[in-house]
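Residue numbers (my numbering): 37 to 263.
Backbone N, C-alpha and C define an ideal beta-carbon position, used for all residues, glycine too.
None of these values were measured; they are calculated from a predicted model.
Shown next, in structure tokens, is the structure this report addresses.
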């Protein structure tokens, strides 16, 4: 089984100015695409369909932030083209309200990112014997080398006593369509929290408990369902 991971939002802590005007995002979302390696072809086919629909350049990454809310909603409504054929497919996500994050966790962005993944992943990992976690090598979580690789193994094997073989790999998002989809979905969840642009998120929420599993951190009350 494979999990493709990406995030939307940033890990800055400047809250006295608006986001994109010298300030930081108020939320950060990490999303994961869980799928059996043999079924990744269905993700690729659906992305090819979307690229044809929007006349996009093949094999050139389009970021989730560049989709309008109408287009994002269309993408969510048509996820059934994937999950009707890929029985393993599901989406996991976690969003943190950054203004409420404990001050010690703000000292190192990689530690906080690892902490979020440590909350998000175990409920999924416990269902499998072998998992490959695939992350975008260009983003924040690989800045300190193997810290995530070591952290998630310690969390699962030591703290939770999970008998799962975990392998972490890093790929360029511009070459990996699993990461593309994770980026899109992370943005569609994040924009709901950050900007109140919620049409796509409302569609995604219809899949809650079947193909979409969401958690939150540092809201008024932590919430989430095990994936």
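Considering only residues of the same chain and omitting the five flanking positions on each side of residue i, which have a CB-CB separation below 8 angstroms?
i: residue 218; result: 40, 41, 42, 67, 68 and 69
i: residue 165; result: 199, 200 and 201
i: residue 214; result: 38, 40, 69, 71, 76, 79 and 170
i: residue 247; result: 115, 119, 125, 126 and 127
i: residue 141; result: 147, 148 and 151
i: residue 154; result: 187, 188 and 191
i: residue 54; result: none
So what's residue i in DSSP terms, helix, strand or just coil?
i: residue 203; result: strand
i: residue 142; result: helix
i: residue 256; result: coil
i: residue 97; result: coil
i: residue 240; result: helix
i: residue 223; result: helix
i: residue 232; result: coil
i: residue 198; result: coil
Grab me the residues of residue i's own chain with a C-beta within less than 6 angstroms of its C-beta, minus the 5 sequence neighbours each way, in chain order.
i: residue 92; result: 98
Nearest by alpha-carbon distance to residue i: which of the options is it?
i: residue 146; options: 231, 167, 186 and 51; result: 186
i: residue 150; options: 184, 64, 141 and 132; result: 184
i: residue 59; options: 89, 135 and 108; result: 135
i: residue 132; options: 245, 163 and 44; result: 44
i: residue 111; options: 224, 256, 245 and 255; result: 224
i: residue 117; options: 86, 195, 144 and 101; result: 86
i: residue 226; options: 81, 101, 48 and 88; result: 101
i: residue 65; options: 239, 156, 245 and 163; result: 156
i: residue 137; options: 95, 194, 48 and 238; result: 48
i: residue 36; options: 237, 256 and 204; result: Residue coverage of the chain in this structure runs from 37 to 263, which leaves residue 36 outside it and unanswerable.
i: residue 46; options: 222, 242 and 256; result: 222
i: residue 73; options: 168, 56, 195 and 256; result: 168
i: residue 121; options: 195, 241, 81 and 256; result: 81
Quick one: what's got a C-beta closer than 7 angstroms to residue i's C-beta in the same chain, skipping five residues either side?
i: residue 192; result: 158, 161, 198, 200 and 202
i: residue 216; result: 83, 97 and 209
Can the beta-carbon of residue i be found less than 8 angstroms from the beta-carbon of residue j?
i: residue 235; j: residue 62; result: no
i: residue 251; j: residue 130; result: yes
i: residue 233; j: residue 206; result: no
i: residue 239; j: residue 123; result: no
i: residue 220; j: residue 51; result: no
Tell me whether residue i counts as near the ligand COA, meaning its Cβ is closer than 7 angstroms to at least one heavy atom of that ligand.
i: residue 114; result: Judged by which ligands are present, the structure shown has none, so any question about the ligand COA falls away.
### Task
Jot down the residue ranges of each uninterrupted alpha helix (DSSP H) in the segment 111-138, minimum 4 residues, whole runs only, in chain order.
116-119
### Query
At what residue ranges does the segment 41-115 contain a whole run of the alpha helix (DSSP H), taking only runs of 4 or more?
Counting whole runs of 4 or more residues, the segment 41-115 contains the alpha helix (DSSP H) stretches 76-89 and 105-113.
### Query
Which whole runs of the alpha helix (DSSP H) in the segment 144-169 are 4 residues long or more, in chain order?
145-156 and 158-161
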